[in-house]
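Q: Have a look at the structure that comes next, please.
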Amino acid sequence: MLLEVRDLHVEFHTREGVAKAVNGVNYSVAEGETLAVLGESGSGKSVTAQAVMGILDMPPGKISGGEILFKDRDLLKLKPEERRRVRGQEMAMIFQDALSSLNPVMTVGEQLGEMFTVHRGMSRKDARTRSVELMDRVRIPAAKERVGNYPHQFSGGMRQRIMIAMAMALEPSLIIADEPTTALDVTVQAQVMDLLAELQRELNMGLILITHDLGVVADVADKIAVMYAGRIVETSPVHDIYQAPAHPYTKGLLRSIPRLDRKGRELYAIRGLPPNLLHIPPGCAFHPRCPMAQDVCRTDVPPLYRVSDGRRSACHFWKETLDAR
Amino acid sequence: MRADHSGGRKHAREEGEAAATQLATARAGTAYANGDPILEVRDLVKHYPLTQGVLFKKQVGAVKAVDGVSFDLSAGETLGIVGESGCGKSTVARMLVHLERPTAGAIRYKGEDITRLSGRALKAVRRNIQMVFQDPYTSLNPRMTVGDIIGEPYEIHPEVAPKGERRRKVQDLLDVVGLNPEYINRYPHQFSGGQRQRIGIARGLALNPEIIVADEPVSALDVSVQAQVINLLDSLQSEFGLSFVFIAHDLSIVRHISDRVGVMYLGRIVEIGTDEQIYEHPTHPYTQALLSAVPVPDPMARESRERIILHGDVPSPANPPSGCRFRTRCWKAQERCALEVPLLAVPAAFRLAPGPASHDSACHFAEEKHVVASREERDTPRGEGRGPEIEAPGTAVRKRPPHDPEAQGDIQP
Chain X
1 MLLEVRDLHV EFHTREGVAK AVNGVNYSVA EGETLAVLGE SGSGKSVTAQ
51 AVMGILDMPP GKISGGEILF KDRDLLKLKP EERRRVRGQE MAMIFQDALS
101 SLNPVMTVGE QLGEMFTVHR GMSRKDARTR SVELMDRVRI PAAKERVGNY
151 PHQFSGGMRQ RIMIAMAMAL EPSLIIADEP TTALDVTVQA QVMDLLAELQ
201 RELNMGLILI THDLGVVADV ADKIAVMYAG RIVETSPVHD IYQAPAHPYT
251 KGLLRSIPRL DRKGRELYAI RGLPPNLLHI PPGCAFHPRC PMAQDVCRTD
301 VPPLYRVSDG RRSACHFWKE TLDAR
Chain C
1 MRADHSGGRK HAREEGEAAA TQLATARAGT AYANGDPILE VRDLVKHYPL
51 TQGVLFKKQV GAVKAVDGVS FDLSAGETLG IVGESGCGKS TVARMLVHLE
101 RPTAGAIRYK GEDITRLSGR ALKAVRRNIQ MVFQDPYTSL NPRMTVGDII
151 GEPYEIHPEV APKGERRRKV QDLLDVVGLN PEYINRYPHQ FSGGQRQRIG
201 IARGLALNPE IIVADEPVSA LDVSVQAQVI NLLDSLQSEF GLSFVFIAHD
251 LSIVRHISDR VGVMYLGRIV EIGTDEQIYE HPTHPYTQAL LSAVPVPDPM
301 ARESRERIIL HGDVPSPANP PSGCRFRTRC WKAQERCALE VPLLAVPAAF
351 RLAPGPASHD SACHFAEEKH VVASREERDT PRGEGRGPEI EAPGTAVRKR
401 PPHDPEAQGD IQP
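Encoded structure:
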C-alpha cells in the first residue's frame with residue numbers, strides 16, 4: 001500500500017475550546033488508484049489531507065493520535081528534514097485556488113524551475129528547459145514564449161495546469177488534489193480533470209481527490225470515502241455507493257442534488273445544519289439530522305461496520321439503509 | 001392596483017392558504033396574469049470603456065460585457081440564464097435591477113422602458129424588481145442586525161409599511177424564509193451560510209416585488225444546504241406568484257428550477273427555449289459542449305458518456321471574434337461563421353418541422369444532438385449505439401476511455 005492513514009486525530013485549540021476536526025480517520029491509497037474523499041465544509045477532508053502532506057498549521061492544529069504510513073514509514077515519526085524530502089519529491093499537492101497558491105511576483109518559469117534547482121540541483125538554464133517541457137506536457141500553448149509570464153497573465157484553467165505541472169515536476173508517487181476544479185467553469189473543469197487522469201495513468205501515481213462534487217467523483221474515482229464531522233461514515237468502491245448507499249448521510253446527499261437528465265419535483269433536503277466542531281453531538285454525529293435515528297444513535301458511536309468486501313458504513317442501521325431503497 | 005396587491009400579501013401571512021387565493025385574485029386583477037410578459041429585454045448592451053493616458057484620458061476600446069441580449073420574462077415563470085464566467089450573465093442581472101446603466105437597449109417592465117426612467121418613477125419600478133446576491137457573507141452588513149437589514153428597504157420605500165408595523169413585518173418575513181422570528185436582533189455572523197442566504201432572500205421579499213433577480217444564489221452553499229434553499233425559492237414562487245430570473249453556472253440546478261433557459265456566451269444569448277428544448281434537444285454547439293461537460297453523478301455513465309471537450313479559453317470580450325463569437329472553439333466553424341453574425345431565431349432547418357428542436361438558436365449550422373443521456377440509454381453496453389467520435393481543429397469529441405487509437409476518426413461537417 002502506498003499510503004495508509006490509521007486512526008488519525010487532529011484538533012484545533014481555539015479561544016472557544018478544542019475543535020475536533022478529525023476523529024479517527026482510516027483510509028488507504030495504492031499506486032495508480034484514485035481515492036475520492038467527499039464531504040461538506042468542516043467535515044475534515046482537507047485537514048486530513050494537510051496532515052498527510054505535513055502542512056498543517058501547528059499550532060493551533062495538533063495531531064493528537066494515529067499514524068500516517070507512506071511506503072511503510074510513519075511520516076509522523078520522521079525528522080523535519082526527512083519529512084521535507086518526502087513532501088517535496090514523493091508527494092505533491094494541488095490546491096483549489098491557483099491564483100493565491102502561485103507566487104504573484106515570480107514568473108511561472110522561475111516557480112517551476114525552482115523544483116529542479118532546489119530538489120535536483122540543476123542549473124537555472126537546465127531548469128528553464130525542463131519548465132518549458134513541463135508546460136508543454138500540461139498543454140499550455142506556446143510554452144516557450146509564455147515561460148517568462150507571471151501568474152496573473154494566465155486564465156484560471158491555465159493557472160490550474162501550471163499547478164498540475166508543478167505537482168508533477170518531480171514525478172511523485174502520490175498527488176493530493178484539494179478541490180482542483182471547483183473554481184473553474186465546467187468546460188475547463190473537464191479539460192483539467194482529463195489532464196490529471198491522463199498524467200496519473202502515465203506515472204502510475206496514487207491520487208487523493210478531495211471534493212464535494214458527486215459528479216466529479218463518479219467520473220474519476222476508484223473508491224470513495226465520505227466524511228462527516230471529522231469521521232469517515234462510509235467507504236466503498238465507487239460503483240456500489242451510487243447504486244445503494246449504506247449510510248443515511250450519503251443517501252441524503254445523493255438524493256439532494258438536482259440532476260441534469262431529469263426534471264425533478266421538490267428536492268430532497270437533509271434537514272438541519274452540519275455540526276459545530278466544538279460541540280459534536282454524542283453518539284453518531286449525524287443523528288440530529290438523520291431520518292432513521294433511534295435511541296442507540298444518541299448514545300453509542302457507531303463503528304465502521306463491514307457491509308461487504310471493501311465496503312464499510314458507520315451506521316447502526318446500515319442494513320435497513322441498504323434495504324430501504 | 002398596488003395597494004390591493006400588498007393588502008393581499010399581508011393577509012397571506014396571517015391566514016395562510018385562504019389568503020394566498022386572495023393574493024392570486026389580486027394578481028389576476030392586474031393586466032399581468034401568468035403567461036403575459038412582465039419584462040421585455042431588447043438588444044441590451046453594456047460596454048465598459050478601456051482608457052489610456054493619465055491626464056488626457058482617451059478611450060481606446062471597450063469591454064463588450066453584454067452585446068445585444070433580448071428575452072421575455074412571463075409573469076410567474078422562472079427564466080434561467082446559464083453561462084461560464086465572463087459571459088455577461090451577472091451584468092445582465094445588474095442592469096435588470098438598475099445597478100448598472102445599459103449602454104444601449106431597452107428593459108420594458110409592463111411595457112414601460114425603465115432604462116429611461118429617473119427620480120420618483122424609477123424608484124417606484126425598482127420596488128418591484130429585487131435582487132438576491134450570490135455571496136451571503138459580503139452582501140449583508142456585518143454591523144447591522146438582521147431586523148435592520150431586512151427592514152432597511154422600508155426606510156427607502158416607507159409607503160410599503162408604516163413605522164409601527166415594520167418589526168412585525170420583518171418577523172413575518174423571517175418566518176416565511178424558515179428562520180426563527182426571535183432572531184431579529186442577531187447579527188449576520190451568528191448565522192451559517194444557508195441561514196444568511198435566507199436573510200438575503202427575506203430582504204429581497206420585503207417590498208412585495210413581482211420579479212426577483214437571483215444571481216448565483218446557492219453556489220456558495222454546501223450541497224445539503226443548497227437543496228434547502230432551492231426548495232425555499234420554489235415554494236416562495238408558488239406562494240407569491242413571483243417571476244424569477246435565476247442566474248447560475250450550475251446547469252443541473254438551473255434545469256431543476258427553470259421553466260425556460262437561456263444560454264449565454266461572450267455577451268450574447270446563443271440559445272433559448274424551454275428546459276426540455278435546451279436540455280433534451282439542444283441545437284447550438286456551445287450548449288451541447290456545455291451540457292456534455294457536466295459530470296453526471298453516476299459512475300455507470302463514465303464509460304458510455306460522450307463528452308465534447310472544448311479546447312482553449314473564452315476569447316476576451318474586449319476583442320470578440322467576428323461573426324459568430326463561438327467559432328474559435330467550435331468544431332463546425334466554416335468561413336461563413338467568421339463573416340456573418342448568426343441571429344437568435346429558429347434555424348431554417350427546423351422552421352418547417354415543429355418539434356422540440358424548433359426553438360431559437362444562434363448558429364448557422366444548428367443541428368440537434370442528444371448529449372444528456374437518459375438512464376435507459378445508458379444501459380446499452382459500452383461502445384454500442386453511441387454517437388460518432390469527432391476530432392476537429394480546436395475540439396475533440398470523445399468517449400472514455402480516450403486512449404483507443406481507432407476511436408479517433410475524423411469527421412468534417
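In order, the protein sequences belong to chains X and C.
Residues 1 to 325 (UniProt numbering) are what the first sequence spells out, left to right.
Residues 1 to 413 (UniProt numbering) are what the second sequence spells out, left to right.
C-beta: ideal position from N, C-alpha, C; glycine also.
These numbers come from a predicted model, not from an experiment.
Counting Cβ pairs, one atom from each stretch, are 3 or more of them under 8 Å apart for the stretch 259-275 of chain C and the stretch 59-79 of chain C?
A: yes
Q: Is there a Cβ from chain C that is less than 8 Å from the Cβ of X/ASP261?
A: Locating residue 261 of chain X in the first sequence gives position 261, where the first residue counts as 1. Cβ-Cβ to chain C under 8 Å: yes for X/ASP261.
Q: Assuming X/PRO180 and X/ILE94 are in contact, meaning their beta carbons sit under 8 Å apart, how far apart are those beta carbons, in whole angstroms?
A: In the first sequence, residue 180 of chain X corresponds to position 180, counting from 1. In the first sequence, residue 94 of chain X corresponds to position 94, counting from 1. With 8 Å as the limit, X/PRO180 and X/ILE94 qualify as a contact, their Cβ atoms being about 5 Å apart.
Q: Can you have a look at X/GLY272 and say buried or exposed, based on whether 16 or more other CB atoms are within 10 angstroms of its CB?
A: The residue you call residue 272 of chain X lines up with position 272 of the first sequence. By the 10 Å Cβ count, X/GLY272 comes out exposed.
Q: Residues of chain C with a CB under 8 Å from the CB of X/SER256: which are they?
A: Position 256 of the first sequence, counted from the first residue, corresponds to residue 256 of chain X. Those are VAL223, SER224, GLN226 and ALA227, listed as they occur along chain C.
Q: Check whether the stretch 240-247 of chain X touches the stretch 186-194 of chain X, taking contact to mean three or more Cβ pairs, one atom from each stretch, closer than 8 Å.
A: no
Q: Residues of chain C with CB under 9 Å from X/GLU40, in chain order?
A: For the purposes of this step, residue 40 of chain X is identified with residue 40 of the first sequence, where counting begins at 1. Chain C residues near X/GLU40: ASP222, VAL223, SER224 and VAL225.
Q: Examine the Cβ distances between the stretch 196-214 of chain C and the stretch 150-159 of chain C and report whether three or more of them are shorter than 8 Å.
A: Under the 8 Å Cβ criterion, the stretch 196-214 of chain C counts as touching the stretch 150-159 of chain C, having at least three qualifying pairs.
Q: In angstroms, rounded to a whole number, what distance separates the CA positions of C/GLY323 and C/VAL263?
A: For the purposes of this step, residue 323 of chain C is taken as the residue at position 323 of the second sequence. For the purposes of this step, residue 263 of chain C is taken as the residue at position 263 of the second sequence. Rounded to the nearest angstrom, the two C-alpha atoms are 18 Å apart.
Q: Could you check the C-alpha separation between X/LYS319 and C/GLN228 for me, to the nearest Å?
A: As a working note, residue 319 of chain X is residue 319 in the first sequence. As a working note, residue 228 of chain C is residue 228 in the second sequence. Distance between the alpha carbons of X/LYS319 and C/GLN228 is about 27 Å.
Q: Count the C-beta pairs between the stretch 282-298 of chain X and the stretch 241-252 of chain C that are closer than 8 Å, then say yes if the count reaches three, no if not.
A: no
Q: Quick one: Cα of C/ASP222 to Cα of X/THR48, how far?
A: Taking the second sequence and counting its residues from 1, one reaches residue 222 of chain C at position 222. Taking the first sequence and counting its residues from 1, one reaches residue 48 of chain X at position 48. Approximately 19 Å between the Cα atoms of the pair.
Q: Nearest by alpha-carbon distance to residue 415 of chain C: which of C/VAL45, C/GLU276, C/LEU179 and C/HIS311 is it?
A: This structure leaves residue 415 of chain C out entirely; chain C is present only between 1 and 413.
Q: With distances taken Cα to Cα, identify the nearest neighbour of C/ALA289 among C/THR274, C/LEU236, C/GLU368 and C/GLN226.
A: Indexing the second sequence from 1 puts residue 289 of chain C at position 289. Minimum Cα distance to C/ALA289 is reached at C/GLU368.
Q: I want to verify the contact list: residues of chain X whose CB lies under 7 Å from the CB of C/ARG302, in sequence order.
A: In the second sequence, the residue the question calls residue 302 of chain C occupies position 302. Correct list: ALA218 and ASP219.
Q: Taking all protein chains shown into account, do 16 or more other C-beta atoms lie within 10 angstroms of the C-beta of C/GLN52, making it buried, or fewer, making it exposed?
A: As a working mapping, residue 52 of chain C is identified with position 52 in the second sequence. The residue is exposed, with fewer than 16 neighbouring Cβ atoms inside 10 Å.
Q: Going by the CB atoms, is the gap between C/ILE38 and C/LYS123 shorter than 8 Å?
A: Within the second sequence, residue 123 of chain C is the residue found at index 123, counting from 1. Within the second sequence, residue 38 of chain C is the residue found at index 38, counting from 1. Not closer than 8 Å, so no.
Q: How many angstroms separate the CA atom of C/ILE390 from the CA atom of X/VAL220?
A: Position 390 of the second sequence, counting from 1, holds the residue named residue 390 of chain C. Position 220 of the first sequence, counting from 1, holds the residue named residue 220 of chain X. Annotation note: pLDDT 39 at C/ILE390 (below 50); position unreliable, coordinate value reported separately. Going by the C-alpha atoms only, they are around 22 Å apart.
Q: Buried or exposed: where does C/GLN59 fall if 16 or more other Cβ atoms within 10 Å of its Cβ makes it buried?
A: Position 59 of the second sequence, counted from the start, is the residue given in the question as residue 59 of chain C. Exposed is the call here.
Q: On the DSSP bridge list, what partners appear for X/GLU4?
A: Numbered from its first residue, the first sequence carries residue 4 of chain X at position 4. Paired residues: X/SER28 and X/LEU69.
Q: Relative to the C-alpha of C/CYS337, which candidate in C/LEU344, C/ALA345, C/VAL346 and C/ARG325 has its C-alpha closest?
A: Reading the second sequence from its first residue, position 337 is the one you call residue 337 of chain C. Closest by alpha carbon: C/ARG325.
Q: In angstroms with no decimal places, state the Cα-to-Cα distance between C/GLY200 and X/SER101.
A: Numbered from 1 along the second sequence, position 200 holds the residue referred to as residue 200 of chain C. Numbered from 1 along the first sequence, position 101 holds the residue referred to as residue 101 of chain X. In a straight line, the C-alpha of C/GLY200 is about 31 Å away from that of X/SER101.
Q: Who are the neighbours of C/TYR109 on chain X, taking C-beta pairs under 9 Å?
A: Taking the first residue of the second sequence as position 1, residue 109 of chain C is located at position 109. Neighbours of C/TYR109 on chain X: none; closest Cβ ~29 Å, over 9 Å.
Q: What whole-angstrom Cβ distance do X/VAL186 and C/ALA293 have, given they're in contact under 8 Å?
A: The residue labelled residue 186 of chain X in the question sits at position 186 within the first sequence. The residue labelled residue 293 of chain C in the question sits at position 293 within the second sequence. Going by Cβ atoms, the distance from X/VAL186 to C/ALA293 rounds to 5 Å, so yes, they are a contact pair.
Q: Go through its chain and collect everything with a Cβ distance to X/LYS45's Cβ below 7 Å, but skip five positions before and after it.
A: Taking the first sequence and counting its residues from 1, one reaches residue 45 of chain X at position 45. VAL37, GLY39, ILE210 and MET227.
Q: Would you identify the three-state DSSP class for C/ASP379, choosing helix, strand or coil?
A: Working through the second sequence from its first residue, we reach residue 379 of chain C at position 379. Since pLDDT at C/ASP379 reaches only 40, below the 50 mark, its modelled position is unreliable, and the value read off the structure follows with that caveat. Of the three classes helix, strand and coil, the one that applies to C/ASP379 here is coil, per DSSP.
Q: Using beta-carbon positions only, say whether residue 414 of chain X and X/ALA92 come within less than 8 Å of one another.
A: An answer regarding residue 414 of chain X cannot be provided, because it is not within the stretch 1 to 325 covered by chain X.
Q: Hey, out of X/LEU174, X/ALA19 and X/VAL5, whose CA is closest to X/ARG87's CA?
A: Position 87 of the first sequence, counted from the first residue, corresponds to residue 87 of chain X. Of the listed residues, the one whose Cα sits closest to X/ARG87 is X/LEU174.
Q: Does any C-beta atom of chain X lie closer than 8 Å to the C-beta of C/ASN180?
A: In the second sequence, the residue the question calls residue 180 of chain C occupies position 180. So no, C/ASN180 is outside the interface.
Q: How far does the alpha helix (DSSP H) with C/TYR279 in it extend, from its first residue to its last?
A: As a working mapping, residue 279 of chain C is identified with position 279 in the second sequence. C/TYR279 -> alpha helix (DSSP H) spans 275-280.
Q: Over the uninterrupted alpha helix (DSSP H) stretch that includes C/ALA124, give me the two end residues.
A: Position 124 of the second sequence, counted from the first residue, corresponds to residue 124 of chain C. C/ALA124 -> alpha helix (DSSP H) spans 119-126.
Q: Contact criterion: CB-CB distance below 8 Å. Does X/THR14 meet it with respect to chain C?
A: Here the question's residue 14 of chain X lines up with position 14 in the first sequence. So no, X/THR14 is outside the interface.
Q: Check whether chain X comes within 8 Å of C/ASN231, counting only Cβ atoms and requiring the distance to be less than that.
A: Reading the second sequence from its first residue, position 231 is the one you call residue 231 of chain C. It does; some Cβ of chain X falls within 8 Å.
Q: Can you name, in chain order, every residue of its own chain whose Cβ lies under 7 Å from the Cβ of residue 414 of chain C, other than the five neighbours on each side?
A: With chain C covering 1 to 413 only, the question about residue 414 of chain C has no answer from this structure.
Q: Identify which residue in C/PHE365, C/ASP72, C/LEU352 and C/PHE71 has its Cα closest to the Cα of C/PRO285.
A: In the second sequence, the residue the question calls residue 285 of chain C occupies position 285. When only C-alpha atoms are compared, the closest one is C/PHE365.
Q: Look at the alpha carbon of C/PRO347 and the alpha carbon of X/ASP261, and state the distance between them as a whole number of angstroms.
A: Taking the second sequence and counting its residues from 1, the one referred to as residue 347 of chain C is at position 347. Taking the first sequence and counting its residues from 1, the one referred to as residue 261 of chain X is at position 261. Here the alpha carbon of C/PRO347 sits roughly 25 Å from the alpha carbon of X/ASP261.
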